[in-house]
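Shown next, in structure tokens, is the structure this report addresses.
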Ligand code: B12
């Protein structure tokens, strides 16, 4: 018998256990960081789904169902073939509060011991991102990213953007997961593929907010660019989406913008504000910001990110976070 204290606290004690309605497929998908289609497939193929259906035969999940599905997800993430993982999850003896799983190793051909040992490594260097006190949506996004499930990542991020807006989603959902992913890479050297899947999903979701903008209020453009060699472009998309919510249109030049290309873009468009993001120190440092074209009227030039160092050239403003960036750009465009 192998015992794992495996179920995260937010998966415990759902209302079906007290005779209430339980969770919907969408809610379970969010909590587990698994696409709803994957849950339906597991139900159809392996009979691993909800034990109760409510009126209208919609699936409703109890904490015991969730504990089994969570185990299934963990085993699959740890490399178990889905059919084997499902057999083990179905054979698991789940306790009443869903907090423990007693797994019978004879129920499966898998050697479950090493897989269970590898689950929930505590310091973010293993197969999870360590986010012990995080909200369910944060843990769901982290799990989806770790599973390289870009569809679930997109669903979780879009859901939050729709409900809470760009600034809340950036500060409370995206930053914690991005920092966790970055820390895992720092500790283990693993997970660049996770960073890429997460970044692509976040970029696409934030771009979706921008694509719904019509009737922008700013007559002169706003330019958002990364410094020379800088690949960390996500903050630009966050700024662009947060501005779009205020009906301000921005032109995102994206990652690795050579200094000469930025100069050319400024000359061609005559922007009211230019924000340049640097996570890493740019090759020519903050001095490059002093060498932007002197237009009339002069654009507001903003340096964002830790790469610019402590001293900025005269006339260049420093932006400290997303709210600050939106406020300064809104002021520059006169909104
Ligand atoms: C995603 C990611 C990538 C992706 C980027 C994809 C993309 N399209 O953006 C990829 C895989 C390409 C990548 C590459 C690299 N990465 Co990287 N990456 C990250 C990760 C996980 C998130 C980056 C991000 O968007 N951060 C945004 C927020 C979450 O960062 P933050 O520091 O908390 O931001 C706060 C402040 O900066 C502040 N702030 C201050 N001013 C402003 C202004 C504005 C407008 C905003 C919004 C915020 C803000 O508020 C922010 C919170 O809102 C970070 C981890 C991390 N902690 O950020 C590593 C991280 C930035 N990467 C790092 C490194 C070392 C690299 C690589 C050199 C190594 C590698 N893996 O190959 C390359 C660099 C390549 C290059 N030339 O640029 C290090 C940087 C360490 C350092 N300071 O030197 C980090 C910190 C990882 C780590 N923990 O070590 N990376």
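Numbering (the working numbering), first residue to last: 3 to 337.
All C-beta atoms in this analysis are idealised placements derived from N, C-alpha and C, irrespective of residue type, glycine included.
Open item on the list: Taking 7 Å as the limit between beta carbons, can you name the residues of its chain near residue 199, skipping five residues before and five after?
Closed with: Position 197 of the chain shown holds residue 199. Only 147, 150, 152, 155 meet the Cβ criterion.
Open item on the list: Using a Cβ-based criterion (distance less than 6 Å to any ligand heavy atom), does residue 322 qualify as near the ligand B12?
Closed with: For the purposes of this step, residue 322 is taken as residue 320 along the chain shown, with counting starting at 1. Indeed, a heavy atom of the ligand B12 lies less than 6 Å from the Cβ.
- [ ] Run the proximity test for residue 139: is its beta-carbon closer than 6 Å to any non-hydrogen atom belonging to the ligand B12?
- [x] Position 137 of the chain shown, counted from the start, is the residue given in the question as residue 139. No - the ligand B12 has no heavy atom lying nearer than 6 Å to the Cβ of residue 139.
Open item on the list: Can you look up residue 36 in the DSSP assignment and give me helix, strand or coil?
Closed with: Taking the chain shown and counting its residues from 1, the one referred to as residue 36 is at position 34. Coil at residue 36, not helix or strand.
Open item on the list: I need the straight-line Cα distance from residue 191 to residue 236, nearest angstrom please.
Closed with: Indexing the chain shown from 1 puts residue 191 at position 189. Indexing the chain shown from 1 puts residue 236 at position 234. Each residue's Cα considered, the two are about 21 Å apart.
- [ ] Run the CB neighbour count on residue 325, radius 10 Å, all protein chains shown included, and call it buried at 16 or more, exposed below.
- [x] The count along the chain shown starts at 1 and reaches residue 325 at position 323. The residue in question, residue 325, is exposed, as its Cβ has fewer than 16 Cβ neighbours within 10 Å.
- [ ] Decide if residue 289 is buried, meaning its Cβ has at least 16 other Cβ atoms within 10 Å, or exposed.
- [x] In the chain shown, the residue the question calls residue 289 occupies position 287. Exposed, by the Cβ-count rule.
Open item on the list: Mapping the DSSP letters down to three states, classify residue 227 as helix, strand or coil.
Closed with: One-based indexing of the chain shown puts residue 227 at position 225. Residue 227 falls in the strand class under three-state DSSP.
Task: Same chain, Cβ closer than 7 Å to residue 275, five either side skipped, listed in chain order - done: On the chain shown, position 273 is the one that residue 275 refers to. The residues are 224, 301, 302, 304, 331, 334, 335.
- [ ] Using beta-carbon positions only, say whether residue 227 and residue 259 come within less than 7 Å of one another.
- [x] Working through the chain shown from its first residue, we reach residue 227 at position 225. Working through the chain shown from its first residue, we reach residue 259 at position 257. Contact flag set, yes.
- [ ] Taking all protein chains shown into account, decide if residue 202 is buried (16 or more other Cβ within 10 angstroms of its Cβ) or exposed.
- [x] What you label residue 202 is simply residue 200 of the chain shown in a count that begins at 1. The residue in question, residue 202, is exposed, as its Cβ has fewer than 16 Cβ neighbours within 10 Å.
Open item on the list: Taking a contact to mean a Cβ-Cβ separation below 7 Å, would you say residue 143 touches residue 179 in this structure?
Closed with: Along the chain shown, one-based indexing puts residue 143 at 141. Along the chain shown, one-based indexing puts residue 179 at 177. Yes; because the gap between Cβ atoms is below 7 Å, this pair is in contact.
- [ ] Would you mind sorting residue 242 into buried or exposed? The rule is 16 or more other CB atoms within 10 Å of its CB.
- [x] The sequence position of residue 242 within the chain shown is 240, counting from 1. It counts as buried.
Open item on the list: Taking the beta strand (DSSP E) that residue 320 belongs to, which residues open and close that run?
Closed with: Indexing the chain shown from 1 puts residue 320 at position 318. Unbroken beta strand (DSSP E) run through residue 320: 318-321.
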